[in-house]
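Chains as they are written, first to last, in our numbering: chain A, 391 to 773; chain B, 4 to 276; chain C, 31 to 285.
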């Protein structure tokens with residue numbers, strides 16, 4: 391944690407932040423409902439101060455809409471937004487009529503900082519004045535605002551770039567200036583929209599680590615919107631997976647990677663996931679196949695295993711109790727040092743095999759193979 | 004959507020031949036636009052130029068033209084930029100009608116515009132009679148009338164180009180400014196306006212140039228009084244009644260001064276496209 | 031290929047232009063074959079009276095059409111000096127006729143009418159204006175010194191001791207009168223003929239100093255006239271009793 395990072399008192403005149411007497415825990419408490427034609431976002435979310443939550447989901451899941459609604463850039467169809475016990479937005483429940491706004495705080499008075507996907511650094515201001523923009527609006531005089539901005543640029547490692555225009559910054563530098571600009575207002579909630587999406591792979595790695603450092607140091611709540619599971623796992627304390635405007639799974643990195651609940655999440659974390667019905671050590675899948683698993687269980691269940699747990703053979707293997715089935719190779723792609731083989735058949739599955747194995751088996755699309763997974767490699771858990 | 008517009012490299016463009024179908028009309032058009040100027044230059048009695056420039060009436064007309072055109076541009080900025088903002092950034096009923104109304108001064112013959120101004124701001128006009136009775140102010144035949152006539156005719160040029168600039172600007176920046184604590188006025192003043200500055204400058208230059216050349220509405224609404232309402236175009240027109248060469252000299256003076264002013268402004272304020 | 035296309039379209043454009051001018055020329059030729067056209071360049075203040083005189087002249091001369099070009103005298107003078115194909119020039123002042131004579135486009139100009147300034151006031155003369163002296167403190171419109179009616183107005187004002195300063199010097203006499211009819215000025219110095227033409231809106235007040243600067247209207251047949259004989263006949267006709275009565279009806283005086 392960066393010493394003194396948040397030690398600056400909030401010198402905002404007439405600050406409207408009031409800790410509620412009832413002792414509401416500081417942080418974000420919200421229920422976002424946004425309707426746009428066919429699409430409906432309906433998301434209940436709590437983020438404690440100091441916590442970072444990642445909103446993870448495919449394109450079009452409603453992540454950015456949620457973020458814009460929180461920032462006050464998009465209006466709610468229903469629900470509320472409360473930050474540190476202060477109500478920012480509330481739509482009165484509908485009784486046959488149009489939703490009415492019971493409470494509305496405009497974006498500029500929400501104390502919510504946003505790092506936009508394309509950064510949106512003001513092109514007519516240099517990096518220092520971009521960062522000083524927020525403090526200026528909080529009533530600081532020019533010199534004081536610039537001093538605060540310079541401090542933030544130092545913290546993101548760009549102390550000597552203050553006089554650069556956004557055009558003269560690299561992607562990674564622009565990202566860090568955008569972060570400094572959002573943090574310089576000392577926001578109670580920090581929103582980051584795909585903060586690393588616009589960066590190339592190399593820059594991304596460094597920037598991600600640094601962003602993580604700053605998020606850890608941030609005393610307010612933070613939400614990172616991303617479609618990249620690695621970013622989500624690395625940056626956030628807790629993940630909320632959104633699909634079609636709804637949260638489908640919530641939890642820390644471990645529980646989600648261990649027990650994915652949708653195909654999307656399973657693919658994200660690189661697991662083969664199936665839904666079925668368990669009876670003891672056997673899980674009957676929705677298809678014809680029955681898997682033998684190590685953990686006994688009864689009732690509706692998920693069964694999951696890693697692609698690396700799948701072994702491929704040209705002939706039916708015999709010996710130790712394995713789950714085996716006949717499959718057709720539908721595709722082969724490079725995956726890290728190994729090759730990922732897509733299998734069709736009674737089970738759609740991914741298998742990770744070494745290049746040597748592929749060469750030995752002479753695998754190619756359309757080929758028939760036998761797939762095998764040890765019972766001990768399959769995790770079963772209730773739905 | 005995720006394009007980051009932060010680095011634009013100047014693209015090395017391969018020099019290609021200009022197609023004749025574009026080049027020929029371009030050259031003909033250029034000749035059409037410049038030959039009248041050449042005609043003026045050929046007929047100009049150059050030796051008379053210094054003497055004319057020294058005439059107090061000419062200096063007064065030139066000074067009045069520059070002052071009133073600049074005032075009209077300033078007035079157009081103060082009133083026109085907010086109109087452009089409303090047209091580009093807000094959604095109000097009848098916006099199309101407003102946009103159509105704004106182009107009226109562009110199509111109205113300026114003399115008719117001048118008569119229309121008299122009907123409103125004249126002594127017996129809707130607003131003019133009230134001003135006269137309440138404050139004892141009459142507008143026609145004053146320099147203020149010149150400014151009003153120029154503003155009426157030239158403000159649409161400014162509005163159209165500022166609205167275009169606003170539509171081209173990324174509203175995301177304005178949202179970003181709001182999340183940083185800027186209210187709508189601050190967003191406009193500190194973010195929107197600086198970002199569309201080139202468009203505003205281009206509009207102001209067009210507006211100023213049109214105001215400088217304004218004749219019909221001015222002579223109708225403001226009349227012609229040397230030093231007070233006689234701008235250069237009026238002086239040129241009247242000189243034309245008695246002395247063609249004097250008219251040419253006055254035209255060239257106006258032309259030269261405006262070109263010099265615009266060129267120096269361009270260097271300073273607008274990036275050459 | 032591209033070049034060829036451009037040439038073709040350009041050629042088409044040229045043809046169109048040629049066709050247009052050819053068309054105009056043809057129309058002229060047709061007119062000329064059936065009738066003789068007399069082209070008269072006359073000062074704008076003569077519009078109504080000359081149209082009437084022209085019609086009379088046509089009835090007296092079988093096969094003759096009189097075509098008028100009414101404009102400011104100075105405009106007409108420069109058009110004639112630049113070689114416009116006119117037969118007759120009638121000017122509203124002697125200065126512009128002089129430039130035409132000096133350039134050799136005309137000889138023997140003769141004055142056929144006089145016009146005098148009056149003080150035009152709103153109908154009924156609400157201000158009770160009786161002479162130039164009453165104009166002090168009122169808003170007055172006059173013609174600019176660059177045009178004939180302005181030269182006369184300045185001479186009249188000077189003759190009266192220079193105590194009247196117009197609020198505006200208009201580009202021509204019609205614009206001057208318009209400022210009065212629009213109510214922007216209290217009085218306007220215009221020709222008597224103009225007040226008669228707008229008699230239902232304005233009254234013309236005669237004043238003594240007007241006689242100090244009377245506008246003389248000269249007319250001349252032009253030396254390069256396409257119809258020299260007819261041009262001479264027309265200038266003579268303008269001096270006839272019939273024509274003179276038309277002119278005095280419009281407010282002109284006989285020389």
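Each residue gets a CB set at the ideal place from its N, CA and C atoms; glycine is no exception. The structure presented is a predicted model; accordingly, all values stated were derived computationally and were not measured.
Would residue i pass as an interface residue toward chain A - the criterion being a Cβ-Cβ separation below 8 Å?
i: residue 84 of chain B; result: no
i: residue 26 of chain B; result: no
i: residue 183 of chain B; result: yes
i: residue 207 of chain B; result: no
Compute the distance between the beta-carbons of residue i and residue j, then report whether it is under 8 Å.
i: residue 585 of chain A; j: residue 630 of chain A; result: no
i: residue 245 of chain C; j: residue 123 of chain C; result: yes
i: residue 552 of chain A; j: residue 516 of chain A; result: yes
i: residue 282 of chain C; j: residue 206 of chain C; result: no
i: residue 153 of chain C; j: residue 86 of chain C; result: no
i: residue 118 of chain C; j: residue 218 of chain C; result: no
i: residue 295 of chain C; j: residue 182 of chain C; result: This structure cannot settle anything about residue 295 of chain C, because the visible part of chain C is limited to 31 through 285.
i: residue 227 of chain B; j: residue 267 of chain C; result: no
i: residue 285 of chain C; j: residue 76 of chain C; result: no
i: residue 69 of chain B; j: residue 256 of chain B; result: no
i: residue 195 of chain B; j: residue 177 of chain B; result: yes
i: residue 306 of chain B; j: residue 452 of chain A; result: Outside the displayed range of chain B (4 to 276) lies residue 306 of chain B, so it cannot be described from this structure.
i: residue 497 of chain A; j: residue 461 of chain A; result: yes
i: residue 546 of chain A; j: residue 566 of chain A; result: yes
i: residue 654 of chain A; j: residue 564 of chain A; result: no
Which residue from the options puts its Cα closest to that of residue i?
i: residue 202 of chain B; options: B:88, B:68, B:73; result: B:88
i: residue 202 of chain C; options: C:148, C:221, C:142, C:144; result: C:221
i: residue 171 of chain C; options: C:237, C:194, C:103; result: C:194
i: residue 93 of chain C; options: C:198, C:65, C:70, C:109; result: C:65
i: residue 434 of chain A; options: A:427, A:445, A:701, A:554; result: A:445
i: residue 492 of chain A; options: A:469, A:550, A:579, A:536; result: A:469
i: residue 519 of chain A; options: A:502, A:543, A:720, A:507; result: A:543
i: residue 456 of chain A; options: A:735, A:714, A:531, A:429; result: A:429
I want to see whether chain B comes within less than 8 Å of residue i, judged by CB atoms only; does it?
i: residue 593 of chain A; result: no
i: residue 177 of chain C; result: yes
i: residue 132 of chain C; result: no
i: residue 212 of chain C; result: yes
i: residue 74 of chain C; result: no
i: residue 69 of chain C; result: no
i: residue 51 of chain C; result: In this predicted model, residue 51 of chain C has a pLDDT of only 39, less than 50, meaning its place in the structure is not dependable; the value taken from the coordinates is given anyway. False, the Cβ-Cβ gap to chain B never drops below 8 Å.
i: residue 463 of chain A; result: yes
i: residue 246 of chain C; result: no
i: residue 108 of chain C; result: yes
i: residue 113 of chain C; result: no
i: residue 597 of chain A; result: no
i: residue 209 of chain C; result: yes
i: residue 502 of chain A; result: yes
i: residue 575 of chain A; result: yes
Can you determine whether any heavy atom of the ligand GDP sits closer than 7 Å to the C-beta of residue i, and answer yes or no?
i: residue 60 of chain B; result: This structure simply doesn't include the ligand GDP, nor any ligand for that matter.
Taking C-beta pairs closer than 7 Å, name the residues in chain B that residue i reaches, listed in chain order.
i: residue 199 of chain C; result: 227, 228
i: residue 121 of chain C; result: What residue 121 of chain C touches in chain B: nothing, since even the nearest Cβ is about 13 Å away.
i: residue 514 of chain A; result: 197, 198
Please compile the residues from chain A whose C-beta is within a distance smaller than 7 Å of the C-beta of residue i.
i: residue 189 of chain B; result: 527
Please report whether the beta-carbon of residue i lies at a distance below 8 Å from any beta-carbon of chain C.
i: residue 173 of chain B; result: no
i: residue 116 of chain B; result: no
i: residue 148 of chain B; result: no
What in chain C is Cβ-close to residue i, meaning under 7 Å?
i: residue 245 of chain B; result: 104, 176
i: residue 98 of chain B; result: Those within 7 Å of residue 98 of chain B in chain C number zero; the least Cβ separation is about 34 Å.
i: residue 144 of chain B; result: 197, 198
If the cut is a Cβ gap below 9 Å, which residues of chain A does residue i touch?
i: residue 94 of chain B; result: In chain order: nothing, as chain A lies at least about 14 Å away.
Ranges of the beta strand (DSSP E) found wholly within the stretch 49-135 of chain C, counting only runs of at least 3: Runs found: 66-73, 94-101, 118-120.
At which residue ranges does the stretch 412-445 of chain A contain complete beta strand (DSSP E) runs of 3 or more residues, listed in the order of the chain? Correct list: 417-426, 429-438.
Contained beta strand (DSSP E) runs [length at least 3] in the stretch 110-190 of chain B, N- to C-terminal order: Counting only runs of 3 or more, we get nothing.
I'd like the ranges of any alpha helix (DSSP H) spanning at least 4 consecutive residues and lying wholly in the stretch 507-537 of chain A. You should have 517-527.
Any beta strand (DSSP E) of 3 or more consecutive residues that is wholly inside the stretch 193-279 of chain C: Scanning the stretch 193-279 of chain C for uninterrupted beta strand (DSSP E) segments of 3 residues or longer gives 198-200, 217-221, 232-235, 245-251, listed from N- to C-terminal end.
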